[in-house]
Amino acid sequence: MLTDDEIARQSLHATRFTTYWLDSLPNAHIDPPLERDIHCDLLIVGGGFCGLWGAIQAKEQVPQRDVVLIEAFGIANGASGRPAAIMSTSVMHGIDNTERMFPEEVKELERLGKENMDEFRAAVERYQLDCDIEWNGEMTVSIGDQGLEAIDEGVALYLKYGHDAKKLNKSEVQSEINSPIFHAGVWSKKRSGTVHPGKLVRELKRVAMELGVRVFEYTPHVANKRQGNQIIVSTPHGQISASKVMLATNAWAAGHKRIRTRVSAIRDRIVVTEPLTDEQMASVGWRHRQGIYDTRTQLNYLRLTKDNRILFGGRLGYFYGNNTDPTLDKTPEPYIRLINAFYQTFPQLKSEIRFSHAWSGPIALTTRMAVHYQRYHQGNMVFAGGYSGFGVTASRFGARVALAILYNQDIPETKMAFANTQPNYIPPEPFRWIGAKITMYALDTVDEKGGWRKLWVKMVEKMGFPITL
Ligand SMILES: Cc1cc2nc3c(=O)[nH]c(=O)nc-3n(C[C@H](O)[C@H](O)[C@H](O)COP(=O)(O)OP(=O)(O)OC[C@H]3O[C@@H](n4cnc5c(N)ncnc54)[C@H](O)[C@@H]3O)c2cc1C
6 MLTDDEIARQ SLHATRFTTY WLDSLPNAHI DPPLERDIHC DLLIVGGGFC GLWGAIQAKE
66 QVPQRDVVLI EAFGIANGAS GRPAAIMSTS VMHGIDNTER MFPEEVKELE RLGKENMDEF
126 RAAVERYQLD CDIEWNGEMT VSIGDQGLEA IDEGVALYLK YGHDAKKLNK SEVQSEINSP
186 IFHAGVWSKK RSGTVHPGKL VRELKRVAME LGVRVFEYTP HVANKRQGNQ IIVSTPHGQI
246 SASKVMLATN AWAAGHKRIR TRVSAIRDRI VVTEPLTDEQ MASVGWRHRQ GIYDTRTQLN
306 YLRLTKDNRI LFGGRLGYFY GNNTDPTLDK TPEPYIRLIN AFYQTFPQLK SEIRFSHAWS
366 GPIALTTRMA VHYQRYHQGN MVFAGGYSGF GVTASRFGAR VALAILYNQD IPETKMAFAN
426 TQPNYIPPEP FRWIGAKITM YALDTVDEKG GWRKLWVKMV EKMGFPITL
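The opening residue of the sequence shown carries number 6 in my numbering; numbering runs sequentially from there.
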């Protein structure tokens with residue numbers, strides 16, 4: 006009889022170690038790199054959700070503004086082409102994290118989150134973004150009885166801040182999704198759901214360009230300096246002079262000598278099955294197709310794709326020097342443990358399901374777990390990032406506030422603590438690597454083995470890293 010690890014290895018036999026979201030689309034049209042010197046009003050660096058939403062909103066606010074966006078590789082090269090893409094209302098990585106970080110501002114941040122999601126939805130409709138959106142809600146499920154308290158706390162928090170929330174007991178949650186380890190759930194149906202992030206990012210590029218944004222791909226920002234009232238950005242084959250610059254480089258910012266004192270580039274991993282047959286779908290249930298998070302210490306998240314594949318994610322990794330593209334993640338080994346968690350969740354699919362894709366993506370982790378702003382060149386260049394694993398829609402909000410900071414707009418958001426404070430300092434290598442390695446190992450094994458791992462996870466959280474949120 007084969008062990009679970011052996012079954013998992015077999016299931017990865019024909020897997021493509023690349024993001025399903027981009028692999029399932031026709032090849033993207035790549036816009037040519039910059040090959041001359043140019044000028045613009047606003048330069049945006051980074052072609053993910055944050056940069057693209059920044060470009061679109063900058064044009065919506067002032068249509069005659071000359072906006073240029075440069076991307077080091079192709080659009081969606083970063084986290085935006087690789088998430089689970091479960092959409093949540095919060096702009097600060099969940100209500101519990103908002104309470105932890107900004108207890109005085111939770112109510113307003115929750116209101117801003119709802120406003121952001123409503124504006125996101127209005128933009129999807131206004132620009133007719135073709136991106137497989139399903140507004141089916143998000144659900145947190147308790148794994149066994151250990152997570153029951155977390156579910157009750159989740160329900161209370163949702164209701165306290167005016168969200169809809171339905172608590173489900175064991176039989177109700179299992180009639181939604183047929184997993185024997187789900188013992189309760191909380192389902193918030195409004196303002197949340199799932200989206201195809203690869204389609205969304207390409208559609209955002211289309212809209213940005215239709216609004217007049219000039220996009221240059223394969224054009225990395227190499228250096229910048231202040232010259233008079235301009236910022237001069239060098240790229241390999243041309244210079245850009247701009248009055249304002251927004252850095253939307255997310256995890257890559259960990260390569261910047263000052264930004265990286267607050268940002269660490271970690272990886273999170275995902276596997277995607279082949280499309281389920283009708284019988285397999287019937288065995289799983291999942292009629293309402295919610296995006297799901299669980300209460301494991303190292304959280305797993307899952308959702309369905311339009312063609313009924315199960316996406317299952319959540320296994321963190323860190324590679325020395327904030328490596329944003331490790332070769333190890335293009336081999337089966339790092340995904341075996343994740344697939345074992347999949348088998349525990351859906352034992353009815355074990356042995357018969359294959360995984361078509363497995364990949365990892367870069368996450369900009371800070372002690373805040375949500376966006377922060379770093380100001381350079383007297384506030385004319387702003388880094389906006391650090392969304393952790395919670396930025397598909399929050400990055401629209403993050404980019405809006407970045408523009409307000411850059412253009413000194415007199416709006417309440419720019420006076421709030423989240424816009425004016427920094428996350429904690431993160432030590433450099435080799436301490437970063439050593440700390441991350443022990444933490445990742447503890448997270449991988451704490452639920453089965455407990456012991457020192459529990460103490461370690463608690464200590465890391467006390468130091469300001471909310472790694473189990
Ligand atoms: C595995 C995984 C699962 C996730 N799941 C979810 C989820 O379910 N829900 C959710 O809300 N969020 C999720 N996220 C988080 C979400 O994907 C990110 O927060 C979001 O995509 C961040 O967008 P961004 O534009 O800030 O960064 P990115 O998409 O990473 O974009 C940064 C871009 O900057 C470019 N760049 C870097 N350096 C340079 C340079 N020098 N010059 C020019 N360009 C440069 C990069 O190539 C990249 O394209 C997940 C992330 C991962 C990795």
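We put the beta carbon where it would ideally sit given N, CA and C, even for glycine.
Closest by C-alpha distance to residue i, when choosing among the options
i      : options                           : result
Lys230 : Gln383, Thr473 and Pro31          : Gln383
His44  : Thr23, Asp28, Arg70 and Lys64     : Arg70
Gln427 : Asn413, Val387, Gln379 and Ile341 : Gln379
Thr329 : Trp257, Asn345, Ile297 and Leu307 : Trp257
Ala259 : Ile49, Gly390 and Ile439          : Gly390
Ile264 : Ile182, Asn327, Leu281 and Ile236 : Asn327
Glu357 : Thr8, Ile12 and Met6              : Ile12
Gln232 : Met386, Arg373, Glu124 and Met106 : Met386
Glu120 : Ala170, Arg405 and Thr371         : Arg405
Glu434 : Tyr381, Asp334, Lys262 and Arg401 : Lys262
Met106 : Ala63, His377, Glu65 and Gly394   : His377
Glu154 : Asp334, Gly190 and Val465         : Gly190
Asp123 : Asn413, Lys64, Asp334 and Lys195  : Lys195
Leu7   : Glu113, Leu281 and Lys355         : Lys355
Glu104 : Ala170, Tyr381, Ile236 and Gly159 : Gly159
Ala170 : Glu143, Gly152 and Ser176         : Glu143
For residue j and residue i, believed in contact at Cβ under 8 Å, the rounded distance
i      : j      : result
Ala407 : Glu418 : Not quite, the Cβ-Cβ distance comes to about 10 Å (not below 8 Å), so this is no contact.
Thr300 : Thr145 : 7 Å
Val250 : Val50  : 7 Å
Asp36  : Val72  : 14 Å between Cβ atoms; not a contact.
Gln353 : Asn141 : Not quite, the Cβ-Cβ distance comes to about 22 Å (not below 8 Å), so this is no contact.
Leu162 : Leu321 : Between Leu321 and Leu162 the Cβ distance is about 24 Å, and since that is not below 8 Å, they are no contact.
Tyr325 : Trp438 : 5 Å
Ala33  : Gly79  : 6 Å
Phe402 : His98  : Wrong, their Cβ atoms sit about 12 Å apart, outside the cutoff.
Ala19  : Arg274 : With 8 Å as the limit, Ala19 and Arg274 do not qualify as a contact, their Cβ atoms being about 18 Å apart.
Val67  : Tyr132 : Between Tyr132 and Val67 the Cβ distance is about 18 Å, and since that is not below 8 Å, they are no contact.
Glu76  : Gly59  : At roughly 13 Å, the Cβ-Cβ gap does not stay under 8 Å, so Glu76 and Gly59 are not in contact.
Separation of residue j from residue i, as counted between CA atoms
i      : j      : result
Lys165 : Leu117 : 15 Å
Thr336 : Leu17  : 9 Å
Glu279 : Phe317 : 12 Å
Met214 : Glu222 : 13 Å
Asn234 : Ala369 : 30 Å
Leu30  : Ser288 : 29 Å
Asn305 : Arg41  : 46 Å
Ala81  : Pro225 : 14 Å
Tyr392 : Ala375 : 4 Å
Ile431 : Ala441 : 11 Å
Pro471 : Asn429 : 12 Å
Met468 : Leu216 : 45 Å
Thr23  : Ala363 : 6 Å
Val451 : Pro241 : 46 Å
Lys172 : Ile100 : 17 Å
Glu115 : Gln179 : 30 Å
Arg14  : Val111 : 45 Å
Gly86  : Asp28  : 10 Å
Arg458 : Ile156 : 23 Å
Glu453 : Asp10  : 16 Å
Gln244 : Pro38  : 12 Å
Leu57  : Ile297 : 27 Å
Phe388 : Val397 : 17 Å
Ile4   : Asn255 : What is shown of the chain runs 6 to 474, which leaves residue 4 out entirely.
Ile416 : Thr372 : 26 Å
C-beta contact flag for residue i and residue j at 8 Å
i      : j      : result
Tyr323 : Ile271 : yes
Ala228 : Ser239 : yes
Gly319 : Pro88  : no
Leu209 : Ile341 : no
Ser361 : Arg21  : yes
Val1   : Phe54  : No answer is possible for residue 1: it lies beyond the span of the chain, which begins at 6 and ends at 474.
Arg4   : Ile91  : As displayed, the chain neither begins before 6 nor continues past 474, which places residue 4 out of reach and without an answer.
Thr332 : Ser197 : no
Val462 : Thr302 : yes
Ile344 : Val276 : yes
Val96  : Ala346 : no
Val220 : Leu74  : yes
Task: Segment contact flag, the segment 310-317 with the segment 418-430, C-beta cutoff 8 Å, min 3 pairs - done: no
Task: Any 3 or more C-beta pairs closer than 8 Å across the segment 143-161 and the segment 175-189 - done: yes
Open item on the list: Check whether the segment 196-206 and the segment 135-143 are in contact - that is, three or more C-beta pairs closer than 8 Å.
Closed with: yes
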